[in-house]
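Trainee:
Protein chains: 2
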Amino acid sequence: MGMVKPGKDARESHLSREVWADAALAAIARGGVDSVAVEPIASLLGVTKGSFYWHFKNRSELVEAALHRWEHNATVVVIAALESNTDPSDRLKDLLTYTLGSLSSKQNENAIFGAVNDPIVLTVVERVSAARQAFLERIFVQLGHRPAAARMRARIAYATYLGHLTLQMTDPLAASVGYIDELVAVLTAE
Amino acid sequence: MGMVKPGKDARESHLSREVWADAALAAIARGGVDSVAVEPIASLLGVTKGSFYWHFKNRSELVEAALHRWEHNATVVVIAALESNTDPSDRLKDLLTYTLGSLSSKQNENAIFGAVNDPIVLTVVERVSAARQAFLERIFVQLGHRPAAARMRARIAYATYLGHLTLQMTDPLAASVGYIDELVAVLTAE
DNA sequence: TCTTCTCCATACGGTAGCGTATGGAGAAGT
DNA sequence: ACTTCTCCATACGCTACCGTATGGAGAAGA
Numbered sequence: 239m240g241m242v243k244p245g246k247d248a249r250e251s252h253l254s255r256e257v258w259a260d261a262a263l264a265a266i267a268r269g270g271v272d273s274v275a276v277e278p279i280a281s282l283l284g285v286t287k288g289s290f291y292w293h294f295k296n297r298s299e300l301v302e303a304a305l306h307r308w309e310h311n312a313t314v315v316v317i318a319a320l321e322s323n324t325d326p327s328d329r330l331k332d333l334l335t336y337t338l339g340s341l342s343s344k345q346n347e348n349a350i351f352g353a354v355n356d357p358i359v360l361t362v363v364e365r366v367s368a369a370r371q372a373f374l375e376r377i378f379v380q381l382g383h384r385p386a387a388a389r390m391r392a393r394i395a396y397a398t399y400l401g402h403l404t405l406q407m408t409d410p411l412a413a414s415v416g417y418i419d420e421l422v423a424v425l426t427a428e
Numbered sequence: 239m240g241m242v243k244p245g246k247d248a249r250e251s252h253l254s255r256e257v258w259a260d261a262a263l264a265a266i267a268r269g270g271v272d273s274v275a276v277e278p279i280a281s282l283l284g285v286t287k288g289s290f291y292w293h294f295k296n297r298s299e300l301v302e303a304a305l306h307r308w309e310h311n312a313t314v315v316v317i318a319a320l321e322s323n324t325d326p327s328d329r330l331k332d333l334l335t336y337t338l339g340s341l342s343s344k345q346n347e348n349a350i351f352g353a354v355n356d357p358i359v360l361t362v363v364e365r366v367s368a369a370r371q372a373f374l375e376r377i378f379v380q381l382g383h384r385p386a387a388a389r390m391r392a393r394i395a396y397a398t399y400l401g402h403l404t405l406q407m408t409d410p411l412a413a414s415v416g417y418i419d420e421l422v423a424v425l426t427a428e
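Heads up: the sequence lines are chains A and B, in that order. Counting from 239, one number per residue, gives the positions in the first sequence under my numbering. Counting from 239, one number per residue, gives the positions in the second sequence under my numbering.
1. What does residue 399 of chain B reach in chain A if we use C-beta pairs closer than 8 angstroms?
2. Here's the rule I'm using: 16 or more other beta-carbon atoms within 10 Å means buried, otherwise exposed. How should residue 393 of chain A be labelled?
3. On the three-pair Cβ rule with 8 angstroms, is the segment 377-386 of chain A touching the segment 317-332 of chain A?
4. Under 7 angstroms Cβ-Cβ, which residues of chain A neighbour residue 259 of chain B?
5. Distance cutoff 9 angstroms, beta carbons only. Does residue 349 of chain A sit that close to anything in chain B?
6. Can a CB atom of chain A be found closer than 9 angstroms to the CB of residue 324 of chain B?
7. Considering residue 310 of chain B, what are the terminal residues of the alpha helix (DSSP H) in which it resides?
8. Of all the options B/391, B/304, B/299, B/287, which has the alpha carbon lying nearest to the alpha carbon of residue 372 of chain B?
9. Please confirm whether residue 355 of chain A has its beta-carbon closer than 9 angstroms to some beta-carbon of chain B.
10. I need the DSSP call for residue 241 of chain A, collapsed to helix, strand or coil.
11. Using 8 angstroms for Cβ pairs, my map puts residue 348 of chain B next to residue 305 of chain B. What's the rounded Cβ distance?
12. Note down the Cα distance separating residue 261 of chain A from residue 276 of chain A, rounded to an integer number of angstroms.
13. Give me the Cα-Cα distance between residue 211 of chain A and residue 269 of chain B, rounded to the nearest whole angstrom.
14. By Cβ distance, which residues of its chain are closer than 8 angstroms to residue 369 of chain A, with the 5 residues on each side in sequence left out?
15. Which class does residue 247 of chain A belong to by DSSP, given the choice of helix, strand or coil?
16. Select from the segment 265-285 of chain B all residues with a C-beta closer than 8 angstroms to any C-beta belonging to chain A, and list them in chain order.
17. List the residues of chain B that residue 367 of chain A touches, going by C-beta distances under 8 angstroms, in chain order.
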C-alpha cells in the first residue's frame with residue numbers, strides 16, 4: 239500500500255477525512271447544515287472536488303462525519319472535563335459556566351439543533367441530548383432529589399441550557415454579573 | 239382599476255400576498271428558512287412562478303413576509319390571549335401551557351431560531367425576543383421582584399421556554415404529569 | 001364594444017451544486 | 001526500472017432554483 243505516512247511535521251500534502259469533517263463543521267457554524275457544500279469547502283481547503291469524492295461517498299457522508307465530530311466534542315469531551323470536580327453543586331455551575339462560555343461551539347449547536355428535520359441530524363441530536371440529560375440527572379440525584387424529580391430537574395436544566403444557547407445568538411448575555419449564580423440558584427432551589 | 243374584489247366566498251380565483259406568505263411559513267416549518275423556494279411553493283398552490291413575481295419582488299421579500307406573519311402570531315396574538323388573566327402567577331403558567339402546547343407553531347419557531355445567521359431573520363427574532371422578555375419581566379415585577387432581578391428571571395424563563403421548544407422537536411415531553419407545575423415552581427422560587 | 005388593467009402561464013437564460021468519468025503525477029512497493 | 005497504488009485535477013452532464021421577458025385570458029371601466 240503506497241500510502242503517504244502523515245508524519246509529525248505540520249505541512250501535510252494529503253488531506254484526511256478529519257480535515258474535511260472539521261471544515262464541514264465550520265461551514266455548519268457559519269451557514270447551517272444545509273449550507274454544507276462540497277465545492278466551496280474544497281476551494282477553502284485549496285483542492286477540488288476530486289479530492290472529496292476520493293475520501294467520501296457523497297455529501298451526506300460528509301455531514302455525518304461532521305456531526306460525529308460535534309457529538310464527540312459535545313458529550314465525551316465536556317463530561318471528561320468535569321470529572322475532576324466531584325461536588326454536584328459545583329459541577330453544575332462549572333458545567334453551565336463552561337458550556338455557556340465557549341463562543342465558537344455555540345454557532346454549531348444552534349445550527350445543528352435548528353436542523354433536526356434532517357433525519358441524520360435527528361439521530362445524533364437525540365443521542366447527545368440523552369447523554370447530557372443523563373449526566374444532569376445524576377447530579378440532581380446526588381443533590382438529594384428522588385429519581386422522578388431528578389429526571390424533571392435534569393430536563394428543566396438542559397432546556398435552560400439550550401435556551402440560553404439560542405438566546406446568546408442574538409443577545410450576548412450582556413455580561414450581567416451574578417447571572418449564572420442566579421441561574422444555578424433557580425435550578426437547584428428546593 | 240380592474241381589480242377583482244376578493245369577496246367573502248371561499249373560492250378565490252386570485253391569490254394574495256398572504257396566501258403566499260402562509261405557504262412560505264409552512265415551508266419553513268417543514269424544511270427551514272433555506273428551504274423556502276418559489277417554484278415548489280407555486281406548484282403547491284397550483285400556479286406557476288408568473289404568479290409569484292407579480293405579487294413579490296423576489297424570494298427575500300417572500301421570506302420577509304412569512305417572518306412578519308410569524309412575528310405577529312408569536313407576540314401580539316399570544317400576548318392578547320393572556321390579557322384576560324390578571325394574576326401574574328397564573329399568567330405565567332398559562333403562558334407556558336399555551337406556548338408549549340401548540341404543536342404546529344413549534345416547528346416554525348425552531349426553524350426560525352435556527353436561521354439567525356440570516357440577517358433578515360435576525361432582526362425579526364430580536365424584536366420577538368425583546369417583546370417576550372419584556373412581557374415576562376412585567377410578570378416577575380408583579381410577583382414582587384426588583385427590576386434587576388425581574389430582568390434576570392425573565393431571561394431565565396424565556397431561555398427555558400426556548401429550550402423546551404428545541405427539546406420537544408426530538409423528545410415529545412413524554413406527557414409527564416405535573417411537569418409544567420414543577421417548571422413554574424422552579425421559575426418562581428424564592 | 002373596445003380598451004385597459006389584473007393576474008398568471010410559458011419560455012428563456014443564468015448560476016450553484018451534485019455526482020461521475022477519466023487521466024495523471026508521484027510515492028511505495030518489488 | 002517497472003508496476004501499483006494513493007491522492008487529486010479536469011471535464012462533463014444533470015438537476016434545482018432564481019429572475020426576466022413576453023404574451024394572453026378575462027374582468028373592469030369607459
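Every residue, glycine too, gets a C-beta built ideally from N, C-alpha and C. None of the values given here were measured: they were computed from a predicted structure.
Mentor: In terms of the structure at hand:
1. Position 161 of the second sequence holds residue 399 of chain B. Correct list: 401.
2. Residue mapping note: residue 393 of chain A aligns to position 155 of the first sequence, counting from 1. By the 10 Å Cβ count, residue 393 of chain A comes out buried.
3. yes
4. Walking along the second sequence from the start, residue 259 of chain B turns up at place 21. Simply none; closest approach about 20 angstroms.
5. Within the first sequence, numbered from 1, the residue matching residue 349 of chain A stands at position 111. Taking Cβ atoms only, chain B reaches closer than 9 angstroms to residue 349 of chain A, which makes this a yes.
6. As a first step, residue 324 of chain B is located in the second sequence; it is residue number 86 there, counting from the start. Answer no: the Cβ-Cβ gap between residue 324 of chain B and chain A never drops below 9 angstroms.
7. Taking the first residue of the second sequence as position 1, residue 310 of chain B is located at position 72. Run containing residue 310 of chain B: 297-310, per the alpha helix (DSSP H) assignment.
8. Looking up residue 372 of chain B in the second sequence gives position 134. Residue 372 of chain B has its Cα closest to that of B/391, out of B/391, B/304, B/299, B/287.
9. Numbered from its first residue, the first sequence carries residue 355 of chain A at position 117. Interface residue, yes.
10. On the first sequence, residue 241 of chain A is found 3 positions in, with the first residue counted as 1. Unreliable positioning characterises residue 241 of chain A in this predicted model, as indicated by a pLDDT of 44, which lies under 50. The coordinate reading is nonetheless provided below. It is coil, neither helix nor strand.
11. Along the second sequence, one-based indexing puts residue 348 of chain B at 110. Along the second sequence, one-based indexing puts residue 305 of chain B at 67. The Cβ separation is near 14 angstroms, so there is no contact.
12. Here residue 261 of chain A corresponds to residue number 23 of the first sequence, with the count starting at 1. Here residue 276 of chain A corresponds to residue number 38 of the first sequence, with the count starting at 1. Each residue's alpha carbon lies about 10 angstroms from the other.
13. Outside the shown range of chain A (239 to 428) lies residue 211 of chain A, about which nothing can therefore be said.
14. Your numbering for residue 369 of chain A matches position 131 in the first sequence. Excluding residues within five positions, the ones whose Cβ falls inside 8 angstroms are 313, 317.
15. Reading the first sequence from its first residue, position 9 is the one you call residue 247 of chain A. Because residue 247 of chain A carries a pLDDT of 29, less than 50, the predicted location of this residue cannot be relied on, and the following value inherits that uncertainty. It is coil, neither helix nor strand.
16. 268, 269, 270, 272, 273
17. Within the first sequence, numbered from 1, the residue matching residue 367 of chain A stands at position 129. Per Cβ cutoff of 8 angstroms: 405, 408, 409.
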